[in-house]
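Sequence order for the protein chains is A and B.
Residue 1 is where the first sequence starts when you use the numbering used here, and the numbers rise one by one after that.
Residue 1 is where the second sequence starts when you use the numbering used here, and the numbers rise one by one after that.
The beta carbon of each residue, even a glycine, is placed where N, CA and C say it ideally should be.
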Amino acid sequence: MAQAAENDGAPLVELRGVSLAYGRGADATLALSDATLSIDKGEFIAVVGPSGCGKSTLMKLVTGLLPPTSGDILVHGRRVTKPIRGVGMAFQNPTLMPWRTTRDNILLPLEVVEPHKQRFKANKAEYVERVEKLLASVGLGGFGDKYPWQLSGGMQQRSNLCRALVHEPEILMLDEPFGALDAFTREDLWGVMQKLWMERRFTAVLVTHDLREAAYLADTIYVMSKRPGRVIVKKTVDLPRPRTLESTFEPHFVEIVHELRDLIHQEYAV
Amino acid sequence: MSETARYYLKLAMPWLVMAALLLIWELACILFAIPEIILPRPTKIFEVFIARFDILLRFCLETLWTTTAGFLLAIAFGLLLGLAIGASPFVYSGLYPLLIAFNAIPKVAIVPILMIWLGVGAAPAVITAFVISFFPIVVNVATGLATIEPEMRDVMRSLGATQYEILTKVGIPRAMPYLFASLKVAITLAFIGSVISETVGGNRGIGFLMLSAGARNDAPTTFAGLFAIAIMGVAMYAVCALIEQRMTKWAFRGEVVG
């Protein structure tokens with residue numbers, strides 16, 4: 001990640017007036033309307049908003065999984081027309097493969113993404129070691145041989161984060177990854193996530209409906225309106241890192257969460 | 001009842017039920033003085049089964065051979081077609097209606113056609129076993145592929161995986177439990193197919209033996225043939241179930257194997 005300086009502070013990801021409609025003709029529903037935002041390299045952004053506001057759609061657009069109906073999406077200054085490489089994704093559903101052990105699940109991106117794909121067979125030991133280290137860093141050391149269905153929900157989600165990060169992607173997409181977990185596990189994983197990000201400084205996009213989660217993890221929070229989603233507020237979170245669970249009780253943190261909550265309540269009221 | 005007694009009773013249940021049924025059958029034949037030509041007593045069938053074991057075995061092996069050949073063809077063809085249908089929406093919309101129509105044809109109707117084309121012998125039985133058993137394999141494999149979670153697909157696509165990689169790394173492993181589940185159904189159908197073919201017209205196999213015994217009013221031999229088919233069916237089903245457990249431990253979440 002040393003080539004950061006080459007485009008002189010230009011944003012890594014840029015959305016210009018992006019809209020997306022599902023379906024065709026009269027049945028078309030506009031999921032996202034005129035979204036404009038930019039993400040710097042190494043920035044952690046969060047997107048929050050009422051349910052059904054097109055948050056997940058935004059994520060699929062940035063990765064090129066969905067083509068926009070109108071507008072431009074640029075990554076590294078180039079227009080995105082097909083799925084871009086080198087992205088890590090983690091969803092609410094861990095989507096681990098039940099026929100692979102946890103270790104083999106995390107090795108998957110290395111079997112698919114260049115340049116690892118070519119080196120994979122010859123250098124498997126090195127990659128296995130990398131996976132073991134990553135597992136240990138999220139508190140799953142020694143669980144590599146277990147199948148995903150032998151792990152708890154929190155452990156599965158940790159493995160899922162490992163799989164999303166193992167190939168050292170430039171961009172990490174998180175779609176409510178902690179949404180299905182209990183409160184304690186969730187807060188624990190915020191810490192894990194922050195630690196990984198501070199070590200590796202990838203660019204992260206977190207889609208969530210948990211405002212405390214957004215304020216804990218993100219540098220910048222985008223608040224979206226209800227469907228069709230528009231970006232209504234950009235909020236910078238100026239809390240020092242590393243943030244801890246203690247920070248979530250500090251007045252400034254609470255203030256930020258309050259402000260976001262008010263904005264979203266107004267959206268529901270309209 | 002103690003835990004172990006319950007366990008052994010559960011294991012013994014199929015045998016107990018079978019014994020009870022045979023006993024009722026035996027008693028009914030004696031009580032109502034049913035002539036042997038209509039319904040022979042199980043003991044009589046068993047006697048014939050032992051006395052003619054070598055003949056039965058020879059004809060059974062012929063049927064087993066044609067059934068297995070047809071079944072293996074069905075696996076190969078069914079797997080390929082299932083993968084094609086499951087992987088491509090175009091192949092799906094093009095072929096699926098045709099498959100349904102083909103499956104609706106009573107297979108007994110195609111045996112005479114096969115006889116015209118291929119003559120009498122093993123070939124029509126193999127083909128009938130094949131056409132009757134490939135359908136569930138195709139449908140199951142296609143279902144396994146078509147029900148890949150969209151998120152899984154997104155994860156693969158965002159890694160830059162090609163369609164081929166998605167197929168080999170996600171699609172095929174995921175379709176395996178569906179394939180093995182279908183094999184249990186398909187093998188019994190394959191037996192039906194080859195015996196139908198042997199019965200409609202043929203000079204070999206257990207179906208032919210039963211037909212000719214029937215023509216001689218030799219009911220005990222006919223029934224002995226029926227039992228032989230049932231035994232082969234159960235044995236092949238067990239083989240398929242065993243392979244299923246071995247190959248797709250993960251689908252049982254380790255419980256069955258454990």
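Problem - Separation of B:K44 from B:L21, as counted between CA atoms - result: If I take the Cα positions, the gap works out to 15 Å.
Handout entry: Length of the line joining the Cα atoms of B:M210 and B:A129
Key = Going from the Cα of B:M210 to the Cα of B:A129 covers about 18 Å.
Handout entry: Top-ranked residue by Cα proximity to B:A69, from B:Y96, B:A190, B:Y237, B:F49
Key = Considering only alpha carbons, the answer is B:A190.
Problem - the segment 118–126 of chain B / the segment 201–218 of chain B touching (three or more Cβ pairs under 8 Å) - result: Contact between the segment 118–126 of chain B and the segment 201–218 of chain B is present: 3 or more CB-CB pairs across the two stretches fall below 8 Å.
Exercise for the section: Evaluate contact between the segment 46–64 of chain A and the segment 211–229 of chain A, counting only Cβ atoms and requiring at least three cross-stretch pairs below 8 Å. Expected result: Counting C-beta pairs with one atom in each stretch, the segment 46–64 of chain A and the segment 211–229 of chain A have three or more that are closer than 8 Å, which means they touch.
Exercise for the section: Please decide whether B:S158 counts as near chain A, where near means a Cβ-Cβ distance under 8 Å. Expected result: Yes, B:S158 counts as interfacial toward chain A.
Practice task
Just confirm the distance between the C-beta atoms of A:I84 and A:G64, as a whole number of angstroms; I'd bet it's less than 8 Å.
Solution key: Between A:G64 and A:I84 the Cβ distance is about 5 Å, and since that is below 8 Å, they are a contact.
Problem - Any C-beta of chain B under 8 Å from that of A:M155 - result: Chain B, which has no Cβ nearer than 8 Å to the Cβ of A:M155, makes this no.
Exercise for the section: May I ask which residues mark the beginning and end of the alpha helix (DSSP H) holding B:V139? Expected result: Where B:V139 is concerned, the enclosing alpha helix (DSSP H) stretches over 122–146.
Practice task
Assign B:A181 to one of two classes, buried (16 or more other C-beta atoms within 10 Å of its C-beta) or exposed (fewer than that).
Solution key: Flag for B:A181 reads buried.
Exercise for the section: Can you give me, in chain order, the residues of the segment 148–177 of chain B that have a beta carbon less than 8 Å from any beta carbon in chain A? Expected result: Residues E149, E151, M152, D154, V155, M156, R157, S158, L159, G160, A161, E165, K169, V170, P173, R174, M176.
Practice task
Taking A:Y275 as part of the beta strand (DSSP E), name the residues at either end of that continuous run.
Solution key: Outside the shown range of chain A, which is 1 to 270, sits residue 275 of chain A, and nothing can be said about it.
Practice task
Closer than 9 Å by beta-carbon distance: list the chain B residues that pair up with A:T63, in chain order.
Solution key: Result: D154, R157, S158.
Exercise for the section: Identify each residue in the segment 108–141 of chain B for which the Cβ-Cβ distance to at least one residue of chain A is less than 7 Å, and report them in chain order. Expected result: Per Cβ criterion, the list is empty.
Problem - For B:R216, three-class secondary structure by DSSP - result: When DSSP states are grouped into helix, strand and coil, B:R216 belongs to the coil group.
Practice task
Between the Cα of B:A51 and those of B:P220, B:L83, B:C240, spot the shortest distance and give me the residue it belongs to.
Solution key: When each option's Cα is compared against that of B:A51, the closest is B:P220.
Problem - Other residues of its chain near B:P40: CB distance less than 7 Å, five sequence neighbours each side excluded - result: The answer, listed in chain order, is A219, P220, F223.
Practice task
Buried or exposed for A:D262, please, with buried defined as at least 16 other CB atoms from any protein chain shown within 10 angstroms of its CB.
Solution key: Flag for A:D262 reads exposed.
Exercise for the section: Determine the DSSP secondary structure at A:S247, reduced to helix, strand or coil. Expected result: DSSP places A:S247 in helix when its eight states are reduced to three.
Practice task
With a cut-off of 8 Å on the beta carbons, I'd call A:G88 and A:A164 a contact; round off their distance for me.
Solution key: With a contact defined as Cβ atoms closer than 8 Å, A:G88 and A:A164 qualify at about 4 Å.
Exercise for the section: Would you decide whether A:H154 is buried or exposed? Buried here means 16 or more other CB atoms lie within 10 Å of its CB. Expected result: Inspection of the sequence shows that residue 154 of chain A is occupied by Gly rather than by His. So A:G154 ends up on the buried side.
Exercise for the section: Please name the residue in A:L15, A:A136, A:A125, A:L217 whose C-alpha comes closest to that of A:P242. Expected result: Answer by Cα proximity: A:L217.
Exercise for the section: Excluding the 5 residues preceding and the 5 following B:V234 in the sequence, name in chain order all residues of the same chain whose CB lies nearer than 6 Å to its CB. Expected result: Cβ contact annotation for B:V234 (same chain, cutoff 6 Å, sequence separation greater than five): none.
Practice task
Tell me whether the beta-carbon of A:L181 lies closer than 8 Å to the beta-carbon of A:C162.
Solution key: Between A:L181 and A:C162, the C-beta spacing is not below 8 Å.
Exercise for the section: To the nearest angstrom, report how far apart B:T168 and B:S158 are at their CA atoms. Expected result: Cα-Cα distance, rounded: 16 Å.
Handout entry: the segment 98–116 of chain A: positions lying closer than 9 Å to chain B by Cβ
Key = Cβ contacts with chain B come from P98, W99, R100, L108, P109, E111, V112, V113, E114.
Handout entry: Contact check, B:N217 vs B:I37, beta carbons under 8 Å
Key = Yes, the Cβ-Cβ distance between B:N217 and B:I37 is below 8 Å.
Problem - Of the listed residues A:L61, A:L196, A:G179, A:K146, nearest to A:P169 (C-alpha basis) - result: Shortest Cα-Cα distance from A:P169 to any of A:L61, A:L196, A:G179, A:K146 involves A:L196.
Problem - Inter-residue spacing [alpha-carbon to alpha-carbon] between A:P109 and A:H167 - result: In this structure, the CA atom of A:P109 is about 6 Å from the CA atom of A:H167.
Problem - When B:F252, B:R6, B:I192, B:L99 are compared against B:A228, the one with the closest alpha-carbon - result: Distances from the alpha-carbon of B:A228 to those of B:F252, B:R6, B:I192, B:L99 put B:I192 closest.
Exercise for the section: Starting from A:F44, trace the beta strand (DSSP E) both ways and give me its first and last residue. Expected result: 44–48 is the extent of the beta strand (DSSP E) around A:F44.
Problem - Bridge-paired residues (DSSP) for A:R158 - result: Residue pairing by DSSP places A:R158 in no beta bridge whatsoever.
Handout entry: Beta carbon of B:I137 nearer than 8 Å to that of B:I75
Key = A distance below 8 Å separates the beta carbons of B:I137 and B:I75.
Exercise for the section: Could you give the DSSP three-state label for A:E170: helix, strand or coil? Expected result: Note: A:E170 maps to coil in three-state DSSP.
Exercise for the section: Rank B:F102, B:I113, B:Y178 by C-alpha distance to the C-alpha of B:L79 and give the top, closest one. Expected result: The option with the nearest alpha carbon to B:L79 is B:Y178.
Handout entry: Selected residue, minimal CA-CA separation from B:M232, among B:S212, B:M247, B:V195
Key = When each option's Cα is compared against that of B:M232, the closest is B:V195.
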